[in-house]
Structures are given as C-alpha cells and as structure tokens.
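In full-length UniProt numbering, the protein residues as written are 1 to 193.
Backbone N, C-alpha and C define an ideal beta-carbon position, used for all residues, glycine too.
Because the structure is a prediction, the values reported are computed rather than measured.
A short write-up of the structure that comes next.
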Amino acid sequence: MQLLEDRILKDGNVLGENILKVDSFLTHQVDYKLMKEMGKVFADAYKDSGITKVVTIEASGIAPAVYVAEALDVPMIFAKKHKNITMTEGILTAEVYSFTKQVTSTVSIAGKFLSADDKVLIVDDFLANGQAAKGLIDIIQQAGAEVVGVGIVIEKSFQDGRSLLEEQGVRVTSLARIAKFENGQVVFDQADA
Ligand code: 5GP
C-alpha cells in the first residue's frame, strides 16, 4: 500500500537491528485517516470470504482492526493480555511470547464472543516471528471457528512469521513488507495489497 510505505519512510525510525518504531501514526499516536484507508484495503482483499469477526490483540492491533471491522461491517474482538475480574467464565487462552517485550504472557478472549459459525480475519500491527498471530489462531480454533486470514499492517519479511502462518494453511495479507534495514533505512519487498 503506497500510502503506508510513504508514511513509513517519512515517519518510521529504525531501532537497532530489527525494530521499526512507528509511534507517531500507529502504535502510540494514531492517524485515523490512514487507519481508515488501510481498513478499506483489507476489507477489499477479504470481501468475498464471508468474514464474520475481526480479531486482534491489545494494544496496537486495536486501531487498525477497528477500521477493518467497520469496512467489513462486523464486530471486532481484541484479546486481552491481563486477566480481569469481570472475565469470570468461558475464557479461551493461549501463551504468547512477545517479540518486543521478550516476555511470555497469557492472552484471553471470552468464549461467548466466538462460535463455530465464525469466519475470522486476524489483524495486527506487525508480523515478526508470528507468535502473536499463532496465539490468536489457537484461541479462535478452541472456539471451533475458522481463521480465514491474517491481515498485517507491517510485515518484516526477513523474520519467519509468514512461513509459520502459511504452514498452517492461513492466508497472510500485508500492506507493507520490509525486506531489510540497511544503514538505518527501510528497504521494502512487494506488498500483498
Ligand atoms: P510476532 O508475534 O510476530 O513475533 O511479533 C508481533 C508483535 O510484536 C506485534 O504485535 C508487535 O506488537 C510487536 N512487534 C514486532 N516487531 C515489531 C517492530 O519492529 N516494531 C514494533 N513497534 N512492534 C513490533
């Protein structure tokens, strides 16, 4: 997606070997106009797939996921990273190792929000090693629902997340794909949309 790639080049900051900081439009401050355009592109890619729910993981997946849900006119559910006393029954959980925080956490979704009839599109801000998406797939499958695809805002294609997901038969759609960081600059691969 050209608009997103241009924004990454303008406002993204490469941190260390393999982290991109995009806190001015995606992971902290949010550019809702960009989110809305991205929502339309994801929705267009999955318009014939019968998606009934969009699922993401807090916190940075929520902004893009809301706009995908709006464009597909379906609910958005975000997996929670912390147990909450109001979540009392029927909780589906998975262990997720966080690439950026380097800790494992239990993420959860209340089972009442997913059923065996659901066809789910997962949306997340980044794809690195695929652990966040893998955890969400695990939870969605516990509910008997089908994972149709994973929509990613920024994929780092030099990490192995895509192959992990495609091995499970899940379609991956990334709006920007980073091939490498070279002297602090972003070099793109061909994106999916
Ligand atoms: P994965 O689970 O695919 O290994 O990593 C994806 C998660 O790690 C994303 O949900 C995102 O929060 C975080 N992440 C991975 N790589 C980056 C990065 O380069 N920049 C930022 N800001 N977050 C990242």
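- Per the C-alpha coordinates, the member of D31, V68, T88, G16 positioned closest to R7 is D31.
- Take E17, set aside five residues on each side of it, and the residues of its chain with a beta-carbon closer than 8 angstroms to its own are F181, in chain order.
- In the DSSP annotation of this structure, E146 is not part of any alpha helix (DSSP H); the continuous beta strand (DSSP E) holding it starts and ends at 146 to 156.
- Its chain contains T104, S105, Q131, A132 as the residues whose beta carbon lies nearer than 8 angstroms to that of S98, once the 5 sequence neighbours on both sides are disregarded; these appear in chain order.
- Taking 8 angstroms as the cut-off, the beta carbon of D124 is found no closer than this to the beta carbon of T27.
- A distance of 8 angstroms or more separates the beta carbons of F42 and I77.
- Within the model, the alpha-carbon separation for K36 versus V66 is close to 9 angstroms.
- In the DSSP assignment, S105 falls within the beta strand (DSSP E) that extends over 104 to 110.
- In the structure shown, the three-state DSSP call for S163 is helix.
- Taking the CA atoms as reference points, I51 sits about 9 angstroms from V147.
- The beta carbon of E5 sits closer than 8 angstroms to those of A176, F188, A191, all from its chain and outside the five residues before and after it, given in chain order.
- In this structure, the alpha-carbon of G39 lies about 19 angstroms from that of D23.
- A straight-line Cα-Cα distance of about 23 angstroms links I178 and L136.
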